[in-house]
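Trainee: Here it is, the structure in full.
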Amino acid sequence: MRGESFSCVIIDKLPFAVPSDPVVAARQRHIDQQGGSSFNEYSVPSAIITLKQGVGRLIRSASDRGVIALLDVRLLTKGYGQQFLESLPPCRITRRLMR
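Residue numbers for the sequence shown follow my numbering, beginning at 7 and rising by one.
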């Protein structure tokens, strides 16, 4: 949002597309029919792009600072969680809300 600044973006869950969406379902089906993994080849990369767009609302230039609160436990409990974390700009990661 031009002219406005945020200091915190809270993301409560990873932004995976709804699998029942007809376009999403068709793309996933095509990947699966080709012997691929629709989750790893479509769902995760698409969700990472969406997450980065959300983070981009906070961090728009190299001098911007703020807090990104990612509350989805899957970042720590699922194998793909690390891919999400690695897609973010360099930052300090903590599991604690207070110092």
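By construction, the Cβ of each residue, glycine as well, lies at the ideal position given by its N, Cα and C atoms.
Does DSSP put LEU76 in a helix, in a strand, or in coil?
Mentor: DSSP places LEU76 in strand when its eight states are reduced to three.
Trainee: Please classify VAL79: is it buried, with 16 or more other beta-carbons within 10 angstroms of its beta-carbon, or exposed?
Mentor: Classification of VAL79: exposed, given that the 10 Å Cβ count is below 16.
Trainee: Can you find the residues in the same chain that come closer than 7 Å, C-beta to C-beta, to ASP38, ignoring five residues on each side of it along the sequence?
Mentor: Correct list, in chain order: SER44.
Trainee: Within the continuous alpha helix (DSSP H) that includes ILE55, where are the two ends?
Mentor: It spans 50-62 - the alpha helix (DSSP H) in which ILE55 sits, taken as one unbroken run.
Trainee: Taking its Cβ as the centre, do 16 or more other Cβ atoms sit within 10 Å of ALA75, making it buried, or is it exposed?
Mentor: That one is exposed.
Trainee: Report yes if the C-beta distance between ALA23 and SER49 is below 9 Å; otherwise report no.
Mentor: For ALA23 and SER49, yes; Cβs fall inside 9 Å.
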